[in-house]
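For the sequence shown, the numbering used here assigns the number 928 to the initial residue and increments by one for each residue that follows.
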Amino acid sequence: MLSELRIFLLGPLRVERFGEPVALSSPKQRALLAVLAVSPGVSVSVDALAHGVWGEELPERARASLHTLVARLRRLLGDGSIRTTADGYLLDVEPGAIDVAEFQRLLAVAESAGDERAALREALALWRGEPSFPELLSGLTEQYLRAVQRRVDLDLAAGEHAGLVAELTALVARHPLTEPLWERLIRALAATGRHAEALAEYANCRKKLAEELGIGPGAALQELYLELLAHDTQDTEPPARAILPRQLPSAVPGFVGRSDELRALDELLRGHTDPSVLTVVVHGTGGVGKTTLAVRWAHQVAEQFPDGQLYIDLRGYGPGEPVAASAVLSAFLCALGVPERAVPVDAAEREALLRSQLAGRRVLVLLDNARDAAQVRPLLPGAGCLALITSRSDLRGLSVRDGARSVALHRMSKLEATELLAANTGIDRVAAEPAAADDLARLCGHLPLALRIIADLVARDPATRLAELADELRARRLELLADPADDAADPRAVFSWSYRELPPGEAQLFRLLSLSPAGQFGVAAAAALAGRPEAETRRSLDRLVSVHLLESRGLGRYQFHDLLHHYAAELTVAEDLATTRSAALRRALGWYCRTAMAASVVLAPGRHLWPDEVPGADLFAGQPQALDWFDHEWPAVVAAVRLAAEAGADDLAWRLAASLHAFFVVRPIWDDWEAAYRAALVSAERLGDPVARGACLVGLGTLHVHLGLEAQALIAYRQALTAFEAAGAKAQQAVALVLVGNCLEFLEHHADAERSYRTSIALSRELGDQAREAHALSNLAITAISLGRHGESVELSTRCLHLRRASGDERGQAHTLDNLGDAWTELGNHAEAVDCYRQAVTLARAYRDRRNEGVHLGNLARAELLNGEVERARHTAGEAWALLANIPDSDVEKVRERLRQSFPEFASCQLGERDQKAPRSTVRSTGGFPVVPADREGEEPVAVPADRTWA
């Protein structure tokens, strides 16, 4: 007989062994244990157990299935827990190990004990809620109710009336057809002088019995009712139940949009078939229109709640203190017809009475502007009712504990915002200045409150042009939207109601985040800005999201609503010391710089231009991860360059710009590329650092290459090389020499290009830098092909591939494999070429470089065709063309031309007229930096091939 087991059936099934919970994951295991535990120590037949587990739908081999189930349960409970008998199984545990047996023992003790009340209390305490298997405990439930009634009688006899009301109210809600419980509830109310409530409960009981059973109260209840009437002739009738509260505020005129949210609310109501209350939380930032939407929808569905609509502004966020739940309960009870003198003093009893008043009725309860779940929970109605709640918080606790459904309300779409302006200013005004209307909507952050303020300003002055108002709003955003006479119509005040509820640490984080270089930021960037641990910062960010002071963009990223960003920026100037703001910005810029440099080194090994080691280069597992980081963060890095330059953090400015080089080569974003390097060059000149200046010249030179201005790129690269030589920076010279060689190669100066590459290789080997050596080898292999030395190109590419695989440079490997494929193609080994190109395609796809994927596919298609794989080649060519069709790039055009020559279906395909033009930029012939008329002192100017036309 096991002594270590404890089994609890009088509530949700729970099993403990040696005091630790036992996990019964299978519902069948739980059912089997329940059937055995109801009769511990008694053999239960196989048939009875099988029907207890599977009901009437027994499996084909029920006995074998049951045997397996018993074996698994034994392993969980311990050897000896379940014994096999002649006709079935029995549960062999110590007496008292099962709460059912202990409950029955205590009831027997109560009958003979001197202190019957104490024994009954101990027995009833074993019940922990609704049992998991009520069908097995039906007899016990009757015993439980009789024991409750007996204990209540003893409490009443002892004069302990007040504490019984809440307990009995809950009991009649669970057992509404048990008249003895109603009788005791009414007696407890009468004993505390609450005769009106007692009469109201008698009316509730009479209605419930009539609706469910078609009968009236029994003799005992009727006699009690007559006693109550005799006691207080003023209350000859129960409180008027005919009062139908209609408390919804009027719907706001000029309502537009929100069709998705209204549809979601409709679907929640339509899909709610369960007998419980439907609780819906509409949450969003201040001024987003939560109350307007909730009131609008409540009016639309009011007919489905014929017993009335209750409304209260809980003032969770706003001037003054939030409304206490007890005060709301009193107001709601009076609205439902309970006399004011009959409203209980105790808050718990008010809550119970409200549920009693709403029982069996269909009432819509709109709880507006809730502060938190604790304020709302006591006000939730019962089954059949709808609780519609609005809050700036997502009230997650209501979802977790009370099954509330959630509808998040975000800023309006561009179309909805414009429609709202038109609906409140006149369609003609918006139609006359559509661009200005769009500007106004954007400057208002598509926030309904701000849009209505602007609409009111327009309506007050018909002579004002929308464009003039947009200019004024752009210049003084929150100031123009302010309304000193009405805080509820002032975004700054509305935002402050959320802000002032924040703990000091979260409030400062909210303020400092306005200094972030970009609109979106991740946890690590926010932590650096705040100077706090990431785990702590993540919790604070999620809290700011939950109260809608920040917006979550998924994947651990966040952003401000535009007007909230302006509000936070005002706050940090007003509340944070200048030194605090400066230190926070410096931390953020430093974090972006370190992380961008680390990502750059991973993305392009051997090509970075800063002289010192890169801290945290192990932040990224590989090139796809580094590219992912840049894809998310490049706007912040570009903004950080500008901020660093403006703040005089020149050392950070040029390093930030230099770190972008590897990313911009993969994702050429022309205007930001140019802006970042122009700002960085100013910082480099201020520093007087030749390495910094050379790095900026390299960045601008590569931009020229992408714009098709190779001759000017060569000038920039040679000036960078001169700067690196002056600084004695050999590693940077190695990179610049390769870039110079690239331009010379393109300009068909192959011998000069080869000398440049070989000088770079020599420098790299002197430094022991294999990544930089690989960079030069890859380009030298291309020159070898141009000079007809195809075998040598294979050797160079093979050596380069070995070095790049050793360093994990997947992007570099793809380029080298493409070069190797070109060499094998020239040597007529098309099978080898196909294999190389396919490997290159796979690698390009891994780091999502669509341009180079298309280039590799185009080369692969030609190689497959030459290798006799005609159908496959056509399919590959189609993939390549789909990727390359609209990329205005000279290298890409070479691949397209090969496709046209090799595949007739592409012969007439051209780049669209709009896309044929080179990408526009403000870069001019001087490239935005000093140039000399010749490439180097004493050298002849570069000769441009006659067949080349320049953009």
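Beta carbons are placed, not taken as given, at the ideal position from N, Cα and C, and that holds for glycine.
- Task: Go ahead and label Gln1435 buried or exposed: buried means 16 or more other beta carbons lie within 10 angstroms of its beta carbon, across all protein chains shown.
- Result: buried
- From the DSSP output, in three-state form, read off Phe1259 for me. helix
- From Arg1121, Leu1471 and Ala1310, pick the residue whose C-alpha is nearest to that of Leu1205; which is it? Ala1310
- Task: Consult DSSP for Pro1431 and reduce its assignment to one of helix, strand or coil.
- Result: helix
- Task: Select from Asp1299, Arg1387 and Pro1305 the residue whose C-alpha is nearest the C-alpha of Arg1282.
- Result: Pro1305
- Query: What's the C-alpha gap between Arg1111 and Leu1098?
  - Reply: 11 angstroms
- Message: Going by beta-carbon coordinates alone, are Ala1606 and Val1662 separated by less than 9 angstroms?
- Response: no
- Query: Is the beta carbon of Leu923 less than 9 angstroms from the beta carbon of Leu1730?
  - Reply: Residue 923 cannot be examined here, being either before or after the span of the chain that is shown, 928 to 1878.
- Beta-carbon contacts of Leu1322 that lie in its chain and below 6 angstroms, excluding the five residues immediately before and after: Val1208 and Ala1300
- Query: Does the separation of the CB atoms of Leu1570 and Pro1444 fall below 9 angstroms?
  - Reply: yes
- For Arg1010, does the three-state DSSP call read helix, strand or coil? strand
- Would you mind sorting Gln1149 into buried or exposed? The rule is 16 or more other CB atoms within 10 Å of its CB. exposed
- Message: Measuring straight from C-alpha to C-alpha, what distance separates Ser970 and Pro986?
- Response: 22 angstroms
- Selection from Leu1241, Leu1237, Ala1251 and Glu1248 that minimises the alpha carbon distance to Leu1260: Leu1237
- Message: For a test of the three-state rule: what should DSSP assign to Ser1177, helix, strand or coil?
- Response: coil
- Coarse secondary structure for Arg1404, derived from DSSP in three states: helix
- What does Gly1015 pair with, by DSSP beta-bridge criteria? Ser972
- Task: Quick one: measure Cβ to Cβ for Leu1263 and Pro1172, integer angstroms, because I've assumed they're closer than 8 angstroms.
- Result: 7 angstroms
- Query: If you scan the region 1185 to 1241 from start to end, which runs of the alpha helix (DSSP H) of 4 or more residues do you find wholly inside it?
  - Reply: 1186 to 1197 and 1217 to 1228
- Item | Separation of Met1339 from Phe1673, as counted between CA atoms | 51 angstroms
- Own chain, CB closer than 8 angstroms to Arg1392, minus 5 neighbours either side, in chain order: Glu1360 and Ala1363
- Message: Tell me which residues share the same chain as Ala1873 and place their Cβ nearer than 8 angstroms to its Cβ, disregarding the 5 neighbours each side in the sequence.
- Response: Summary for Ala1873: the model assigns pLDDT 30, below 50, so the residue's position carries little reliability; its value from the coordinates is reported in the next sentence. Closer than 8 angstroms at the Cβ level, and outside the excluded window around Ala1873, lies no residue.
- Message: What does DSSP give as the partner residue(s) for Asp1295 in the beta ladder?
- Response: Asp1240
- Message: Suppose the cutoff is 7 angstroms on Cβ atoms and the five residues either side in sequence are ignored; what does the same chain contact list for Gly1901 look like?
- Response: Since the first and last residues shown for the chain are 928 and 1878, residue 1901 lies out of range.
- Item | Supposed contact pair Gly1549 and His1702 - C-beta distance, whole angstroms, cut 8 angstroms | With 8 angstroms as the limit, His1702 and Gly1549 do not qualify as a contact, their Cβ atoms being about 18 angstroms apart.
- Message: For Leu1456, would you say it is in contact with chain C, using Cβ-to-Cβ distances shorter than 9 angstroms as the test?
- Response: Structure shown: chain C not included; a single protein chain is present.
- Message: Using a Cβ-Cβ cutoff of less than 6 angstroms, which residues in the same chain neighbour Trp1751 once the five nearest sequence positions on both sides are dropped?
- Response: Glu1759 and Ala1760
- Under 9 angstroms between the Cβ atoms of Ala1127 and Asp1273? no
- Item | Beta-carbon proximity of Asp1616 to Ala1654, cut-off 9 angstroms | yes
- Message: For Glu1278, count the other beta carbons within 10 Å of its own beta carbon; 16 or more makes it buried, fewer makes it exposed. Which is it?
- Response: buried
- Assuming Asp1469 and Val1593 make a contact with CB atoms under 8 angstroms, what is their CB distance in whole Å? In fact, because the Cβ distance is near 33 angstroms, the residues do not count as touching under 8 angstroms.
- Message: Quick check on Thr1317: does DSSP put it in helix, strand or coil?
- Response: strand
- Query: Helix, strand or coil: how does DSSP classify Ala1335 here?
  - Reply: strand
- Task: Please report the Cβ distance between Leu1374 and Val1215, rounded to the nearest whole angstrom; I am assuming they are in contact, meaning their Cβ atoms lie under 8 angstroms.
- Result: 6 angstroms
- Task: Specify the secondary structure class of Leu1504 as computed by DSSP and reduced to three states.
- Result: coil
- Query: Helix, strand or coil for Tyr1774 per DSSP?
  - Reply: coil
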